[in-house]
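Engineer: Protein chains in written order, with this note's numbering: chain H, 343 to 752; chain P, 343 to 752.
Protein chains: 2
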Amino acid sequence: MLTVEEARERILAQMKPLDSEDVPLTEALGRVVAHVVVSQEAVPPFANSAMDGYAIRAADTEGASKTAPIDLRLVGEVPAGRLYAGEMHVGEAVRILTGAAVPDGADAVIQQELVTVKDGIVTLTQPVAPNTNIRPAGGDVRPGVTLVRAGTELGPSEIALLAAVGAHPITVTRRPRVALLTTGDELAPLGTAPQPGQIHESNMPYLIAAIRRAGGDPWWLGIAPDRIETLRAMLDQAREADLILTSGGVSVGDYDLVKQVLSEAGNIGFWRVRMRPGKPVAFGLLGTTPLLGLPGNPVSAAVTFELFGRPAIRRMLGAAQVERPQIIVEYEGEAIPQGDRRHFVRARLHTHGARLIARTTGAQDSHLISSLQGASALLDIPEGDGAIHSGDLVPALLLNDALPWDIEVG
Amino acid sequence: MLTVEEARERILAQMKPLDSEDVPLTEALGRVVAHVVVSQEAVPPFANSAMDGYAIRAADTEGASKTAPIDLRLVGEVPAGRLYAGEMHVGEAVRILTGAAVPDGADAVIQQELVTVKDGIVTLTQPVAPNTNIRPAGGDVRPGVTLVRAGTELGPSEIALLAAVGAHPITVTRRPRVALLTTGDELAPLGTAPQPGQIHESNMPYLIAAIRRAGGDPWWLGIAPDRIETLRAMLDQAREADLILTSGGVSVGDYDLVKQVLSEAGNIGFWRVRMRPGKPVAFGLLGTTPLLGLPGNPVSAAVTFELFGRPAIRRMLGAAQVERPQIIVEYEGEAIPQGDRRHFVRARLHTHGARLIARTTGAQDSHLISSLQGASALLDIPEGDGAIHSGDLVPALLLNDALPWDIEVG
Chain H
343 MLTVEEARER ILAQMKPLDS EDVPLTEALG RVVAHVVVSQ EAVPPFANSA
393 MDGYAIRAAD TEGASKTAPI DLRLVGEVPA GRLYAGEMHV GEAVRILTGA
443 AVPDGADAVI QQELVTVKDG IVTLTQPVAP NTNIRPAGGD VRPGVTLVRA
493 GTELGPSEIA LLAAVGAHPI TVTRRPRVAL LTTGDELAPL GTAPQPGQIH
543 ESNMPYLIAA IRRAGGDPWW LGIAPDRIET LRAMLDQARE ADLILTSGGV
593 SVGDYDLVKQ VLSEAGNIGF WRVRMRPGKP VAFGLLGTTP LLGLPGNPVS
643 AAVTFELFGR PAIRRMLGAA QVERPQIIVE YEGEAIPQGD RRHFVRARLH
693 THGARLIART TGAQDSHLIS SLQGASALLD IPEGDGAIHS GDLVPALLLN
743 DALPWDIEVG
Chain P
343 MLTVEEARER ILAQMKPLDS EDVPLTEALG RVVAHVVVSQ EAVPPFANSA
393 MDGYAIRAAD TEGASKTAPI DLRLVGEVPA GRLYAGEMHV GEAVRILTGA
443 AVPDGADAVI QQELVTVKDG IVTLTQPVAP NTNIRPAGGD VRPGVTLVRA
493 GTELGPSEIA LLAAVGAHPI TVTRRPRVAL LTTGDELAPL GTAPQPGQIH
543 ESNMPYLIAA IRRAGGDPWW LGIAPDRIET LRAMLDQARE ADLILTSGGV
593 SVGDYDLVKQ VLSEAGNIGF WRVRMRPGKP VAFGLLGTTP LLGLPGNPVS
643 AAVTFELFGR PAIRRMLGAA QVERPQIIVE YEGEAIPQGD RRHFVRARLH
693 THGARLIART TGAQDSHLIS SLQGASALLD IPEGDGAIHS GDLVPALLLN
743 DALPWDIEVG
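(1) What in chain H is Cβ-close to V507(P), meaning under 8 angstroms?
(2) Does the segment 580-595 of chain P come close enough to the segment 508-523 of chain P to have 3 or more Cβ pairs within less than 8 angstroms?
(3) Of all the residues that make up the segment 704-720 of chain P, which are near chain H by a beta-carbon distance shorter than 7 angstroms?
(4) Determine the direct distance from the alpha carbon of P724(H) to that of G539(H), and round the result to whole angstroms.
(5) Report yes if the CB atom of A719(P) is closer than 8 angstroms to the CB atom of L741(P), and no otherwise.
(6) Taking the straight line between their C-alpha atoms, what separation do you get for A401(P) and N545(H)?
(7) Would you list, in sequence order, the uninterrupted beta strand (DSSP E) runs of no fewer than 3 residues that lie entirely inside the segment 650-677 of chain P?
(8) May I have the straight-line CA-CA distance separating D748(P) from V417(P), to the nearest angstrom?
(9) Report the residue from F612(P), G695(P), A729(P), Q537(P) whose alpha carbon sits nearest the alpha carbon of P443(H).
(10) Can you list the alpha helix (DSSP H) stretches of 4 or more residues lying completely in the segment 568-592 of chain P, in chain order?
(11) Is N390(P) buried or exposed, if buried means 16 or more other CB atoms sit within 10 Å of its CB?
(12) Answer with yes or no whether the minimum CB distance from Y548(P) to chain H is below 8 angstroms.
(13) Helix, strand or coil for A744(H) per DSSP?
(14) Less than 8 angstroms between the CB atoms is what I'm expecting for R554(H) and P547(H), so what's the real figure, rounded?
(15) Using a threshold of 8 angstroms, state whether the C-beta atoms of I463(H) and D413(H) are closer than that.
(16) Would I501(H) count as contacting chain A if we go by Cβ distances under 8 angstroms?
(17) Once DSSP output is grouped into helix, strand and coil, what is the label at F612(H)?
(18) Does DSSP put V514(H) in a helix, a strand or coil?
(19) I need the boundaries of the beta strand (DSSP E) containing P387(P), first residue and last residue.
(20) DSSP three-state call for R618(P): helix, strand or coil?
(21) Using a Cβ-Cβ cut-off of 8 angstroms, state whether P518(P) counts as contacting chain H.
(22) Quick check on this structure: which residue in V664(H), L721(H), H694(H) has the alpha carbon closest to the alpha carbon of A492(H)?
(23) Using a Cβ-Cβ distance cut-off of 8 angstroms, determine whether A654(H) contacts chain P.
(24) Whole angstroms are fine: how far does the CA of T488(P) sit from the CA of L710(H)?
(25) State the DSSP-derived secondary structure class of S362(P), mapped to helix, strand or coil.
(26) For the candidate residues P485(H), A700(H), A662(H), whose alpha-carbon lies nearest to that of A738(H)?
(27) Counting along the chain, where does the beta strand (DSSP E) carrying V459(P) start and finish?
(28) Does DSSP put R373(H) in a helix, a strand or coil?
(29) Looking at the unbroken beta strand (DSSP E) that takes in V687(P), where does it start and where does it end?
(30) Quick one: what's got a C-beta closer than 7 angstroms to D361(H)'s C-beta in the same chain, skipping five residues either side?
(31) Check whether the Cβ atoms of G395(P) and I452(P) lie closer than 8 angstroms to each other.
(32) Bridge partners of A719(P), per DSSP?
(33) Out of curiosity, what's the CA-to-CA distance linking F650(P) and R616(H)?
(34) Flag T458(P) as yes if its beta-carbon sits less than 8 angstroms from any beta-carbon of chain H, otherwise no.
(35) Taking only the alpha-carbon atoms, compute the straight-line gap between E750(P) and L371(H) and give it to the nearest angstrom.
(36) Where D364(H) and P386(H) are concerned, what is the direct C-alpha to C-alpha distance, given to the nearest angstrom?
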C-alpha cells in the first residue's frame, strides 16, 4: 500500500503547467496568473490631493494665525483628470478636489473647511506643514514592485491592483480540460428513473462541480458503455483532454471493462492507498494523457478527488497553492478511534472566541453522501491504536468552499 | 450620520428575493436554492452489500466453525444494477458485489475472503450475525428528510446529495442583474493610456469581479458621460436591471452630474455612514429599481460593497446567509488607535495552533489599493478613545474568498 504522500507525489510528477492565454481583467476572476507581474507604473501616478481644498506653497503660510491671517490669491483650479496649466508662484492658491494632481510649485493642500474664500482671495488662519494632505506619487505601488507572483489565483483585489497599473489584459494559465467517465451498471443517468436495483448517479454532478471549483473545465463523457469497442473508442477520444478522471471500477478485485481496457494500456497502476475512505486508486498515462481513476463510492470519490484530483488540476494550472491548506483545529465530540489506515474525517468548523473548533458531520461510513454535506474541513487522523478525544489538537485540511456558509459563532 | 447597521437595514428593506428558475444539477454550482428540498426517496433505495462476497441467511450459519464448517449451495449472483430473480431459500448463497441489492430472503453478506468456493458450494468456517455487511435502505437519507433549506448555496456535496435522490433539475433563484456605472473624469477606461492627470480605472474590474463572487450577473454600463442627456438616458436604461451600482460622485460636497441626475430622481438619499473607509453612500429607488451609490475611492468602494452591496445582492438571491460571517480573531501587531468612526481594517488571517490570528495588510489609508491585497478579513474596530493591542480579541468579518490562498500555518 502507498501512503497518501507517495501516491500524490507520483501523480504530481506527471503534471505540467499548461500553456497560457491572455484574458481581459473583467474575465480574470479565479484564473491563475502565468507569469510574475512587476509594476511598470507608479500608483498613484502623480502626487494628488487627499482632500477637497486648496493647493498652496507651505512656506507662504508660515506664521498664519487668527490674529494674523494670511491671504493667498486664488489663481485657478485643477479640473478632474487634467493638469494645472503652468506653475504656482509665491502667494498663490489653486482650487483642488480629492484625487486631482497637485500643481507644480505647490507642496501642500489645505482643506476647504479651514479657509474662507471671498473675491478671489483665500484666507488662512493657521500655518500648513509641507506635504499636508498630499498623497505622493507611488505611495500605493512603486514601479518595479512585484504585484502578483506566478501561480496567484486572481480575486477582486488582485484584479483592482492590476487594473491600477494598466496590466490589462493579463496572462493566465489555460484551464485544464478534464474528461470525466463514470462506471457502474447500477447507475441511472441524471434525469432518468432508476430501474429496480439501480441508483441515481451522484458522482458525475459532484465531480463536474468539484472540477470547476478546482479551476478545471469539465468534459462529461458519460457512463462507461458495456461494449468494449465503444469503451475503447470513448477513451481514445478522451486523450484529447488534459486529464482523464474516472470513478468506479478500479478496485484491486474488480473485473470491470474499464479496468480491463486500462490494464491493456499498460501504463496504468492500480494502487491501494493507506487511507480511509478511498483505498483503491488508479493512475497512469493513456497515451500521453494522465488518467486518474477514483473509487466509485461517493465519499471515497470525493475525498480522493480532494487529495489527488484537485492537486493534479492545480499543478496543471501552475497554481502556487496546489494542496488545501493544512491548519490545526481543536476537536470537539465523541472520541474517534484510530485504525489501521489514516482516516480523513469530514468535519464542520466553528469558532469559540479565537479558537477553531471542529465537529464531525456525523456517521463517517464511506457510502454516506450525507457525511459530506456542510463539511468545511477534513480531519487528518493518523493510523494508530489510540483515539482522538475532545480537546485534542488535530491537523485538518481546510475545504474553504463551504466555510462562509457553515462557520458558526459560539 | 447613520450607523452601518442603520444603513444596511434601510438598504435591505428594499430588496426582495427574485423569481426562480430550474437548472440542471450539472450547472447548479454556486446557485442559491429557492425552496426547501425534502427527500422523496431513500438513499440507498434498497438494502445493499458493503462488500464483495456472498449473500446468505444468517440462521443457516449458526454453529459454523473450522472443525464444523457449513456448506451453502451457490444458486446465482446479483448482477450490478439488477435484482436477484426470486427469493433465497434455506441453505443457499448468492454471489454479490459491493452496492448490489441484497436478495429477498438474505439477511447478511459474508466477505469473499472468509469463504472457500468449489463446485458450486460455498463453505463457511464461522457464523455470521444478521445484518452483517448490509447497508440498510435509507441509511444515508430517509424519505421526508430536509436535504437543503431555501437559501442554501450549492456546493459539490449538496449537488451530490440532490442527485442521489433524483432532485434534478433544481429550482434556484435567478441571479440578480447588477448594472454598474463608474464616474470620474480622471478615469482612463481599461485598456486605454491615461492622459496627464488621469488614472487607470480600477473600480470597474474590481466591482465586476465582486458582483460575480456575490452571485450577481454584472452589466457594465460604462464611465458616466459628461453630457447630462446621455447620462439620463443611460440611467433610464439601467432601470431594467435588478440593482444599479455606481461608484464615485456621491460625496456630500460633490456637484457631479451623476449626483445631479440622482437628486432629480427624488428618492435617492445621500448618506454619511459612521465608518472608515467609505463614509459617503447614496441609496434609493430609480423608478422602482434600487440604486446603491458607492464612494469613488477604491478601498472605500470595496468595503462599502462588502457591507452594503453584497448583502443587497444576496438578499435578492434569497440567500440564508446575507452578511459575511462574523468571527473573533486575536490581533497581532502594532497598536491600532481607535477613532471617531468605526474602522474596518483589512487583515490577513493566520493560525497558531488552533488560534485564529489576524495581522493588518499594512498601511490602511483609503486610497491604498494594495491594502486590499490578500485581505482575508475585515477587523471591526469600534469607535473610541483607546486602541487595539496585540493579543486583543477583535470581531472580524470573514472574507473567505481569499482564505485558502493566504492562510499561513505558524
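Cβ coordinates follow ideal geometry from the N, Cα and C atoms, glycine included.
As the structure is a prediction and not an experimental result, all values here were calculated from the model.
Structural biologist: By the coordinates alone:
(1) The contacting residues are H542.
(2) At 8 angstroms Cβ cutoff, the stretches touch.
(3) So the close ones are H709, L710, I711, S712, L714, Q715, A717.
(4) Each residue's Cα considered, the two are about 37 angstroms apart.
(5) Result yes, Cβ atoms of A719(P) and L741(P) sit closer than 8 angstroms.
(6) A401(P) and N545(H): Cα-Cα distance of roughly 37 angstroms.
(7) The qualifying runs are 668-673.
(8) Model confidence at D748(P) stands at a pLDDT of 34, short of 50, so the residue's coordinates are unreliable; what they give is reported in the following sentence. D748(P) and V417(P): Cα-Cα distance of roughly 60 angstroms.
(9) The sequence as given places Ala at residue 443(H); Pro does not occur at that position. The candidate whose alpha carbon is nearest that of A443(H) is Q537(P).
(10) Listed in chain order, the complete alpha helix (DSSP H) runs (minimum 4 residues) inside the segment 568-592 of chain P are 570-580.
(11) Buried: at least 16 other Cβ atoms inside 10 Å.
(12) Cβ-Cβ to chain H under 8 angstroms: yes for Y548(P).
(13) With a pLDDT of 38 at A744(H), under the threshold of 50, the modelled position of that residue is not reliable, and the figure given next carries that caveat. Of the three classes helix, strand and coil, the one that applies to A744(H) here is helix, per DSSP.
(14) That belief does not hold up - the Cβ atoms of R554(H) and P547(H) are roughly 11 angstroms apart, past 8 angstroms.
(15) Yes, they are a contact pair.
(16) Within the model displayed, chain A is absent; protein chains H and P are what it includes.
(17) Strand at F612(H).
(18) Strand.
(19) Note, P387(P): premise wrong, no beta strand (DSSP E); not H, not E.
(20) In the structure shown, R618(P) sits in a strand (DSSP, three-state: E or B).
(21) With 8 angstroms as the cut-off, P518(P) does not count as an interface residue toward chain H.
(22) When each option's Cα is compared against that of A492(H), the closest is V664(H).
(23) No, A654(H) does not count as interfacial toward chain P.
(24) Separation of L710(H) and T488(P) (C-alpha to C-alpha, rounded to the nearest whole angstrom) is 16 angstroms.
(25) DSSP places S362(P) in the strand class (E or B) of the three-state scheme.
(26) Checked all of P485(H), A700(H), A662(H); the closest Cα to A738(H) is A700(H).
(27) Judged by DSSP secondary structure, V459(P) falls within the beta strand (DSSP E) whose first and last residues are 457-460.
(28) For R373(H), the three-state secondary structure derived from DSSP is coil.
(29) Counting along the chain, the beta strand (DSSP E) containing V687(P) begins and ends at 684-694.
(30) Close CB contacts of D361(H) within its chain, under the 7 angstroms cut and outside five residues either way in sequence, are with R516 (chain order).
(31) Going by C-beta atoms, G395(P) is nearer than 8 angstroms to I452(P).
(32) Beta-bridge annotation (DSSP): A719(P) is paired with A689(P), L740(P).
(33) Distance between the alpha carbons of F650(P) and R616(H): 48 angstroms.
(34) Among the CB atoms of chain H, none fall inside 8 angstroms of the CB of T458(P).
(35) Here E750(P) scores only 35 on pLDDT, less than 50, and its place in the model should not be relied on; the value that follows carries that caveat. Whole-angstrom Cα-Cα distance: 23 angstroms.
(36) Rounded to whole angstroms, D364(H) and P386(H) show a C-alpha spacing of 25 angstroms.
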